[in-house]
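Undergrad: Structure incoming, see below.
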């Protein structure tokens, strides 16, 4: 595998790990104290609190599924692409289909979608270029 591909994959892994930590920083407080976090963030109150807590739990579980892509994006290439796709779906859901008060959640996903997609695409191109050179 070319050096460029290795470097981009290393940065992809770092961005995915940072995204996992950011997800957990958002999800754990929401799971434990949803009213306080929603008040601080300016989000409207939710009733019953089961729903924001459940969303937080799902975000924690989703983040767990990102781990293989962060550890070895070559071996788990499909998982890496699914992690990128999940970020895009978050952007579309929150920015495209929710009221403006929820758009920051989509921007949060966009912040990770852009570098993850660019790095994974660059590493894929570098890897395919290396294979073509060997043929």
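Residue numbers (the working numbering): 3 to 137. C-beta: ideal position from N, C-alpha, C; glycine also.
If you follow the alpha helix (DSSP H) that residue 87 is part of, which residue opens it and which one closes it?
TA: Locating residue 87 in the chain shown gives position 85, counting from the first residue. Element bounds for residue 87: 79-93.
Undergrad: Going by CA-CA distance only, name the one from 8, 101, 50 that's closest to residue 37.
TA: Working through the chain shown from its first residue, we reach residue 37 at position 35. Ranking the options by Cα distance to residue 37, first place goes to 50.
Undergrad: How is the alpha helix (DSSP H) around residue 36 delimited, first residue to last?
TA: For the purposes of this step, residue 36 is taken as the residue at position 34 of the chain shown. Segment 36-43, the alpha helix (DSSP H) holding residue 36.
Undergrad: Quick one: grab the DSSP three-state call for residue 97.
TA: As a first step, residue 97 must be located in the chain shown, where it is residue number 95. It is helical.
Undergrad: Which of helix, strand or coil does DSSP assign to residue 10?
TA: The sequence position of residue 10 within the chain shown is 8, counting from 1. DSSP places residue 10 in helix when its eight states are reduced to three.
Undergrad: How is residue 28 classed by DSSP in three states: helix, strand or coil?
TA: As a position in the chain shown, residue 28 is number 26, starting the count at 1. Helix, per DSSP.
Undergrad: Determine the closest residue to residue 113 out of 45, 92, 34, 39, with distance taken between C-alpha atoms.
TA: Within the chain shown, residue 113 is the residue found at index 111, counting from 1. The shortest Cα separation from residue 113 among 45, 92, 34, 39 belongs to 92.
Undergrad: Within a Cβ cutoff of 7 Å, which residues of the same chain sit near residue 70, ignoring the five residues on either side of it in sequence?
TA: In the chain shown, counting from the first residue as 1, residue 70 sits at position 68. So the qualifying residues of the chain are 78, 81.
Undergrad: Do residue 117 and residue 153 count as a contact pair if the criterion is CB distance below 8 Å?
TA: This structure gives no information on residue 153, because the portion of the chain shown stretches from 3 to 137.
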